[in-house]
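Enquirer: Following this message is one structure expressed as structure tokens.
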Amino acid sequence: MSGPVVGVVGAGAVGQVLAAGLVSVALPGRLVVVSRRAEQTRALVADLEDMALSVRSRTRVEAGEVADLRGCDAVVVALRTDFTNSAVQDIRRGGATANVPALGALARELRGYEGSVLVVTNPVDLMARRFAEVSGCARVYGIGSNLDSARYRLLLAQYARVSPDRVRGHVIGEHGDRAVPCLSSTTVNGLPVEGRARAVVEGLQKRPALIRAGIGRTRCGPAGAVVSTLRKALGLVDGVEELSVPYGDVWLGIPLAFTGGVPVPCCPPLTRYERLSGLCREQPPWVTQAHTALTEKRPLPPPFDDLDQMWETLRSDPQVPSRSVLQAVPPERPPYRPLAPQAAAEWTRLPAVELGDSGRRRRSLGRELGALTPSVPAGHSQTSTGATGHGAAAVHTSGTVRGSQQIAQAYFALPAVLAAAEPDPLKAALDAVWHAVNTYGEHYPELLEELRSVCTDQVEK
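If you're matching positions, the sequence shown starts at 22 in our numbering and goes up one per residue.
Okay, here's the thing in structure tokens:
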């Protein structure tokens, strides 16, 4: 029988529907089903053989062992160990501890495999990375973001009352609760629809829970995403799939354009928010939810409605990024609470130029902000950071002066979120920028340059 050989590892809910889908469209010439439960595997193979005859599929189905997978052109990993997922939020991560040993063992047995590997097992970004690192396989793809993207386009098409093929849009980042729709580049009938696209984001986030509540687990959607990806990874058709692959030092979903089975990244133009939210897995979900609320002009969700709770959440969340402005203040120290710009007693001028590390003069922070920055009001301490190179002042509203150390960026960033939620648009913008400049530290020119670009675009529109 002609056609590629495909292996499916796992005969559970997803594996069964996936195998049935492959047989129904006769994608593989031969389908090898592998599972640790021999009786279940034999039963599934028999059921699939009946199906193949009924639909006149040319696919030959057989039970196999892990060693047989080396003869496959592609392998789909849909294994799932027995465990009870008690997670209420970020539910896909519930299987991390349970599934890693089994997936690692499979990866070791397939070291050096040269075909394509499609990982469906959740949490898919973590599992795809784990499989690639242990097996050394070069063509490993995580299935998830293409399913998120398909749901996004479908919901937007229903909302706009058009055919789904008239919608262009991607969902990137980590599959699951932290997935980020690329609103800025979404189009319907070739026209930008960022405002309308926001209306379907909530439905996109609720869709997996709706499916789980009714049938216990998503099955058909992941199977369809696998079939679509297999066609492209095997070189049967060309096209784009959003798949989890290496991105910097993490694995995240990004669009890949396949030509003859060879993938090339093809990310659309992204706003800074989309880049940070979608392509930085470090961002905690409670921060992402706040960004979404700002975008949709809704009140900030917890813990941003309680300052003490917000700082405690930041301090205790292990997912908070450790990036810092120059030197970081250790996270075990009391949280830094930046002074609100409006609380400053007066304004003071900063030099318009400063000396860089090479001794060359360059524009200083004072010049970039119109030579104005808040000074320290009575009762507060100030540590000048002029010696560190960016010419700003770090204001400590509590505790004692700690020399010229800088503050961890996470503690600078949260007040920018609070400031942006102010009801007065001008005040919100200026205060948010003030805190954001501190967050960027020595890289503040990048922020201000992007702000200029965004503002220019808005004026031209």
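Just so you know, even glycine gets a beta-carbon here, dropped at the ideal spot from N, CA and C. These numbers come from a predicted model, not from an experiment.
#1: Determine the burial state of Q37: buried for a count of at least 16 other Cβ atoms within 10 Å of its Cβ, exposed for fewer.
#2: Just list the alpha helix (DSSP H) runs in the segment 252-322, keeping only unbroken ones of 4 residues or longer that don't cross its boundaries, in chain order.
#3: Rounded to the nearest angstrom, what separates A9 and E215 at their Cα positions?
#4: With a cut-off of 8 Å on the beta carbons, I'd call G485 and G256 a contact; round off their distance for me.
#5: Where do the ends of the alpha helix (DSSP H) carrying S137 lie?
#6: May I ask you to check if the CB of V121 is nearer than 8 Å to at least one heavy atom of the ligand ZN?
#7: Would you call the CB atoms of V201 and V209 closer than 9 Å?
#8: Give me the Cα-Cα distance between G207 and S166, rounded to the nearest whole angstrom.
#9: Given a cut-off of 9 Å, decide if V97 and V145 are closer than it, judged by their beta-carbon atoms.
#10: Among G260, A181 and R172, whose alpha-carbon lies nearest the alpha-carbon of K227?
#11: I need the DSSP call for R81, collapsed to helix, strand or coil.
#12: Cα-Cα, which of R233, D89, D68 and F325 is closest to V55?
#13: Excluding the 5 residues preceding and the 5 following V138 in the sequence, name in chain order all residues of the same chain whose CB lies nearer than 6 Å to its CB.
#14: Can you grab the Cα-Cα spacing for the pair V29 / P466, in whole Å?
#15: For the alpha helix (DSSP H) containing A230, name the first residue and the last one.
#16: Between the beta-carbon of L147 and the beta-carbon of V188, is there less than 9 Å?
#17: Could you compute how far the alpha carbon of A218 sits from the alpha carbon of E130?
#18: By how many angstroms is the C-alpha of A40 removed from the C-alpha of C476?
#19: Looking only at C-alpha atoms, which of P320, D329, T334 and V285 sits nearest to P305?
#20: Return the bridge partner residues of V248 from the DSSP annotation.
#21: For L457, name the three-state secondary structure that DSSP assigns.
#22: So, for W272: in the same chain, excluding its five sequence neighbours on each side, which residues have a beta-carbon less than 6 Å away from its beta-carbon?
#23: Out of A442, Q61, P213 and P49, which one is the CA nearest neighbour of R81?
#24: The beta strand (DSSP E) that contains D95, what's its start and end?
#25: Under three-state DSSP, which class holds Y173?
#26: In terms of alpha-carbon separation, which member of G33, S78, G42 and Y180 lies closest to A64?
#27: Determine the direct distance from the alpha carbon of V46 to that of A220, and round the result to whole angstroms.
#28: To the nearest angstrom, report how far apart P286 and T292 are at their CA atoms.
#29: Could you tell me the distance, in whole angstroms, from the CA atom of A153 to the CA atom of A128?
#30: Taking buried to mean at least 16 other C-beta atoms within 10 Å of its own C-beta, is S101 buried or exposed?
#31: Quick one: residues in its chain with C-beta nearer than 7 Å to the C-beta of G92, no 5 flanking neighbours on either side, listed in chain order?
#32: Straight-line CA distance for A181 to E223?
#33: Got a sec, what are the start and stop residues for the alpha helix (DSSP H) R151 sits in?
#34: Output needed for L435: all residues of its chain with C-beta closer than 7 Å, excluding positions within five of it in sequence on either side, in chain order.
#35: Tell me the rounded alpha-carbon separation between G24 and R51.
Expert: For this structure:
#1: buried
#2: 293-299 and 306-316
#3: Since the first residue of the chain shown is 22 and the last is 482, residue 9 is not available in this structure.
#4: The question about residue 485 has no answer here: the residues shown for the chain are numbered 22 through 482.
#5: S137 -> not in any alpha helix (DSSP H); beta strand (DSSP E) instead, spanning S137 to V140.
#6: Judged by which ligands are present, the structure shown has none, so any question about the ligand ZN falls away.
#7: no
#8: The amino acid occupying residue 207 in the given sequence is Thr; Gly does not appear at that position. When rounded, the distance between both Cα atoms is 15 Å.
#9: V97 is positioned such that its CB atom lies no closer than 9 Å to that of V145.
#10: R172
#11: strand
#12: Comparing Cα-Cα distances from V55 to each of R233, D89, D68 and F325, the minimum goes to D89.
#13: Taking C-beta separations shorter than 6 Å and ignoring five residues to either side along the sequence, the partners of V138 in its chain run V96, C158 and V161, following chain order.
#14: 51 Å
#15: V222 to I236
#16: no
#17: 44 Å
#18: If you draw a straight line from the Cα of C476 to the Cα of A40, it is about 51 Å long.
#19: T334 is the residue among P320, D329, T334 and V285 whose C-alpha sits nearest the C-alpha of P305.
#20: Answer by DSSP bridge pairing: none, since V248 is not bridged.
#21: It should be pointed out that residue 457 corresponds to Ala in this sequence rather than to Leu. A457: helix per DSSP, three-state reduction.
#22: Excluding positions up to five away in sequence, the list reads D146, A149, R150 and S265.
#23: For R81, the nearest C-alpha among the options comes from P49.
#24: According to the sequence provided, residue 95 is Ala. The question's Asp does not apply to it. A95 -> beta strand (DSSP E) spans A95 to V98.
#25: In this structure, Y173 counts as helix in the three-state DSSP scheme.
#26: G33
#27: 35 Å
#28: Approximately 17 Å, taken between the alpha carbons.
#29: 8 Å
#30: For clarity, residue 101 is Arg in the given sequence; the question names Ser instead. Buried, since its Cβ has 16 or more Cβ neighbours within 10 Å.
#31: Excluding positions up to five away in sequence, the list reads V26.
#32: For the pair A181 and E223, the Cα-to-Cα distance works out to about 15 Å.
#33: V145 to S156
#34: M331 and L335, listed in sequence order.
#35: 7 Å
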